[in-house]
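Numbering (our numbering), first residue to last: 3 to 145.
Positions of the beta carbon are idealized from the N, C-alpha and C atoms, including for glycine.
Since this is a predicted model, take the numbers as computed values, not measurements.
Let me begin by presenting the structure, written as structure tokens, before commenting on it.
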């Protein structure tokens, strides 16, 4: 719960292995395709965007700050119209949270805090591998 709006809303620790040798950069996108209601989703809500993560990076620590991000890592804008992590805060039902990690064959230019759509367009033709972790969250009725 510490990674949600009902807790301290700080980023979870994320770790990975198996990055392809020819990777030039990594991209992390965390989003919720069940917004606002999983029974009638209307949009995908973006919670966190990081790109140009160095390929030697194997984890992001819990509660990572911009100053603690691996050198060269850039941030995109989430759907709260700010950079950084914004944790789960579903208005209704149980939502899925996709933590998607992409390996790219290029280092992207500075896209000036892009939205997910702008970043995905820049990634086209450069994805050499991807993986994802899906988490679930349902807000307590006591919140």
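Cα separation between residue i and residue j?
i           : j           : result
residue 99  : residue 68  : 22 Å
residue 23  : residue 142 : 43 Å
residue 109 : residue 28  : 8 Å
residue 113 : residue 5   : 27 Å
residue 105 : residue 83  : 25 Å
residue 50  : residue 125 : 16 Å
The alpha helix (DSSP H) that contains residue i, what's its start and end?
i           : result
residue 121 : 118-125
Check whether the Cβ atoms of residue i and residue j lie closer than 7 Å to each other.
i           : j           : result
residue 33  : residue 43  : no
residue 107 : residue 128 : yes
residue 1   : residue 118 : Look at the range of the chain in this structure, 3 to 145, and you will see that residue 1 is not part of it.
Taking the continuous beta strand (DSSP E) assigned at residue i, which residues delimit it?
i           : result
residue 94  : Looking at the DSSP string, residue 94 is not in any beta strand (DSSP E), and its letter there is neither H nor E.
residue 70  : Looking at the DSSP string, residue 70 is not in any beta strand (DSSP E), and its letter there is neither H nor E.
residue 134 : 129-140
residue 19  : Taken as a continuous stretch (DSSP letters only), residue 19 belongs to no beta strand (DSSP E), as it is neither H nor E.
### Query
Just checking, does the segment 72-79 make contact with the segment 37-56 on the three C-beta pairs under 8 Å criterion?
Look at the beta carbons and you see the segment 72-79 touching the segment 37-56: at least three pairs across the two are nearer than 8 Å.
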